[in-house]
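Numbering (the numbering used here), first residue to last: 1495 to 1745. Where a beta carbon is used, it is the ideal one built from N, C-alpha and C, also for glycine. Below is one structure, written out as structure tokens; the observations come after it.
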Amino acid sequence: TLVSVPAVCYNAGASHGVVLHALVPALLTNVFVVGVNQLADIKVDCINKPGLPLASGELTPRMARRITTWCILGAILSSQSSPWLLGTTLTSAAVGFAYSCEPVRLKRSALAAMACIVFVRGLVVNVGFARYAGGVVNWWLVAFFSVFAVLISVLKDVPDTVGDAANGLPSFALMTSRAAVLTEVTRLVTVMGAFAVAAQPTRIRRVVAVNAMGSWILMSLLTNPSDDHEVRRLYKMLWVLFYVAYLTLML
């Protein structure tokens, strides 16, 4: 959020003040979405991610509910200046809530879970903040980051197969195999990398794209799909790649 929102706004011609104003509700909404997801997944996270605040007991559910409540209220209040900003905030929060919480809990379906992530990361962020900034929507960026969101949504569950299987949460890694998911993600990153390099208008952007994409692909080829630690590290690096792609918009 700290990278993607400013990148979209600056790319649409926004001033520093406009960007800072957008960051407040964006960050608060992000905390809300992550918070409700962890509240809904305490049992799952005790297996998959026992170090998280709620799963480890460092934070109580009551405290987490208070934090998420204040965050969403703050996000709504701080986005009143623009219908596009308010709409982006409410849509992101609503999809995040539906993704995690009963009675909807869209993450019970691997396809629905992926659709939620693609919708917010690909469409809502890139359209909503561009229009808030008064710019024209770049539909090539929407398409590019939508595909990127597919990769993130598929890879994120690979190291979590044990907890997901124990709690009846489907994932592409469970429906196929961890190795198959990793192979397909690597292939798609390679295709996206070639597209990203070819599409860059300046030499410095091409250099950044080649180095970033190439490093991730090499790391992926050296990753053992059965090693949770290695796959989580690769997943974190995919997020780094995601934000590097946004950073190139500001070069």
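On the DSSP letters alone, give me the boundaries of the alpha helix (DSSP H) that C1503 sits inside.
Looking at the DSSP string, the run of the alpha helix (DSSP H) that includes C1503 is 1498–1505.
Considering only heavy atoms of the ligand SAM, does any lie closer than 7 Å to the CB of S1586?
As presented, the structure is devoid of all ligands, the ligand SAM included, so that no description of it is given.
Under the assumption that K1650 contacts Y1740 (Cβ atoms under 8 Å), give the Cβ distance between them as a whole number of angstroms.
By a beta-carbon distance limit of 8 Å, K1650 does not contact Y1740. Their separation comes to about 18 Å.
Starting from L1732, trace the alpha helix (DSSP H) in both directions and tell me its first and last residue.
For L1732, the enclosing alpha helix (DSSP H) stretches over residues 1722–1741.
Shortest alpha-carbon distance to V1734 belongs to which of L1745, M1707, L1716, L1712?
Closest in C-alpha terms to V1734, from the list L1745, M1707, L1716, L1712, comes M1707.
Determine the direct distance from the alpha carbon of L1645 to that of A1604, and round the result to whole angstroms.
The alpha-carbon atoms of A1604 and L1645 are separated by roughly 13 Å.
Residue range of the unbroken alpha helix (DSSP H) whose run includes N1772:
Residue 1772 falls outside the range modelled here, since the chain spans only 1495 to 1745, and no answer is possible.
Which residues in the same chain as T1523 place their Cβ atom closer than 6 Å to its Cβ, once the five residues preceding and following it in sequence are excluded?
Closer than 6 Å at Cβ, skipping near neighbours: A1569, T1583, S1586, A1587.
Select from Y1626, R1560, M1669 the residue whose C-alpha is nearest the C-alpha of S1575.
Of Y1626, R1560, M1669, the residue nearest in Cα terms is Y1626.
Unbroken alpha helix (DSSP H) run spanning R1602, endpoints
No residue range can be given for R1602, since it is assigned to no alpha helix (DSSP H) and is classified by DSSP as neither H nor E.
Residue of L1732, L1496, V1497, S1509 minimising C-alpha distance to G1628
Ranking L1732, L1496, V1497, S1509 by Cα distance to G1628 puts S1509 first.
Near L1635, which residues of its chain fall below 7 Å by C-beta distance, leaving aside the five closest residues on each side in sequence?
The residues are N1620.
On a CA-only basis, which of S1720, L1546, V1538, V1630 is nearest C1503? Give me that one, please.
Nearest of S1720, L1546, V1538, V1630 to C1503, Cα basis: V1630.
Between T1684 and I1711, which are expected to be in contact by the criterion C-beta below 8 Å, what is the C-beta distance as a whole number of angstroms?
By a beta-carbon distance limit of 8 Å, T1684 contacts I1711. Their separation comes to about 6 Å.
Who are the Cβ neighbours of V1527 in its own chain at under 6 Å, not counting the five residues just before and after it?
Closer than 6 Å at Cβ, skipping near neighbours: G1590.
Reduced DSSP category for K1543 - H, G, I as helix; E, B as strand; rest coil:
Correct three-state label for K1543: coil.
Within 8 Å, strictly: CB atoms of L1548 and I1536
In this structure, I1536 lies closer than 8 Å to L1548 by Cβ.
Where does K1537 sit, in a helix, a strand or coil, going by DSSP?
Reduced to three states, the DSSP call for K1537 is helix.
In terms of residues, what are the limits of the alpha helix (DSSP H) holding V1641?
Segment 1633–1649, the alpha helix (DSSP H) holding V1641.
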